[in-house]
Structures are given as C-alpha cells and as structure tokens.
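Each remark here refers to the structure printed beneath this line.
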Amino acid sequence: MDAALKAIAEPNRRRILRLVRDDELSAGEIASHFDISWPAISQHLGVLKEAGLVDERRNGVRRLYRARPEGLTELQAFLEELWNDRLTALKREAEREERRQHGKHE
0 MDAALKAIAE PNRRRILRLV RDDELSAGEI ASHFDISWPA ISQHLGVLKE AGLVDERRNG
60 VRRLYRARPE GLTELQAFLE ELWNDRLTAL KREAEREERR QHGKHE
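Under numbering that gives the first Met the number 0, the sequence shown has 26 at position 27, and the numbering climbs by one with no breaks.
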C-alpha cells in the first residue's frame, strides 16, 4: 500500500493512470499527453509498474501499458475503512446531539 500511495502522490502519475485506465497505450502515446521529457515519462511508468498499478506488455518493439485496478485494492479498502469509521463517529455524535436537543424540549 505504501508504494501505491507514493506512486499516486505525484500528479503526473495520476494523469498517466487516468490515461491507461480504460485503454492500453504505448509509452509514446502516453508521452504525447505531457510536456515533460521522455526519460521522466519512463521513470513515472517504472514507478507505477513497481507499485503494481500498471501492467506492461511488449508488442514488438513497443511497450504497452494498462492500469491494474487491483493494484489499488488494498489502498481502497484502507480508505473505505477510514471513511466508514469517520461516518460512524459522525453518526454517533449527531445522535447524541439529537438526544441532547430532544431532552431540552421535553
């Protein structure tokens, strides 16, 4: 999960993930969407691959990339648990306030 968090912390890597979310794209096709150097794109793709967020497939001399949604599964579970815990605490506080307000009116 730490590698995934580190990978998606960088805005260009998030943009790359959005590009390859639904389509398999070559590194060149990905690079055409950015105003950064080819080595920088290659490095970003390497980080995403190491974090398990993209798959790389060779097609002749081309390297094709596609997002691996399951790469974010652990992070998604963590965020859902965190969010649910917060919502549960908020609900308890709202119910406590409701009881306090209701008690004042009787």
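Backbone N, C-alpha and C define an ideal beta-carbon position, used for all residues, glycine too.
Please read these numbers as outputs of a predicted model, since none were measured by experiment.
Item to complete: Tell me whether valine 46 sits in a helix, a strand or coil according to DSSP, three-state version.
Response: Locating residue 46 in the sequence shown gives position 47, where the first residue counts as 1. In this structure, valine 46 counts as helix in the three-state DSSP scheme.
Fill in: Neighbourhood of glutamate 46 by C-beta, 6 Å cutoff - its chain only, sequence neighbours within 5 removed
Here the question's residue 46 lines up with position 47 in the sequence shown. Sequence inspection shows valine at residue 46; the glutamate mentioned does not correspond to that position. These residues qualify, in order along the chain: Ala6.
Item to complete: Please determine if the region 82 to 93 and the region 39 to 59 are in contact, where contact requires at least 3 C-beta pairs separated by less than 8 Å.
Response: no
Item to complete: With distances taken Cα to Cα, identify the nearest neighbour of leucine 63 among Ala8, Glu9, Leu81 and Ile15.
Response: Here residue 63 refers to the residue found at position 64 of the sequence shown. The option with the nearest alpha carbon to leucine 63 is Ile15.
Discussion item. Taking the alpha-carbon of leucine 44 as reference, which of Gly27, Val60, Ala76 and Asn58 has the nearest alpha-carbon?
Written reply: Residue 44 sits at position 45 when you count from the first residue of the sequence shown. The shortest Cα separation from leucine 44 among Gly27, Val60, Ala76 and Asn58 belongs to Gly27.
Worksheet item: leucine 74 bridges to which residues according to DSSP?
Response: Your numbering for residue 74 matches position 75 in the sequence shown. Bridge partners of leucine 74: none, in fact.
Discussion item. For a quick check, are the C-beta atoms of alanine 76 and alanine 2 less than 8 Å apart?
Written reply: In the sequence shown, counting from the first residue as 1, residue 76 sits at position 77. In the sequence shown, counting from the first residue as 1, residue 2 sits at position 3. No, Cβ-Cβ distance for alanine 76 and alanine 2 is not below 8 Å.
Item to complete: Would you kindly work out how many angstroms separate the C-alpha atoms of arginine 20 and tryptophan 82, rounded to a whole number?
Response: Taking the first residue of the sequence shown as 1, we reach residue 20 at position 21. Taking the first residue of the sequence shown as 1, we reach residue 82 at position 83. C-alpha separation (whole angstroms): 24 Å.
Fill in: Beta-bridge partners of arginine 65, as assigned by DSSP
Locating residue 65 in the sequence shown gives position 66, where the first residue counts as 1. Beta-bridge pairing links arginine 65 to Asp54.
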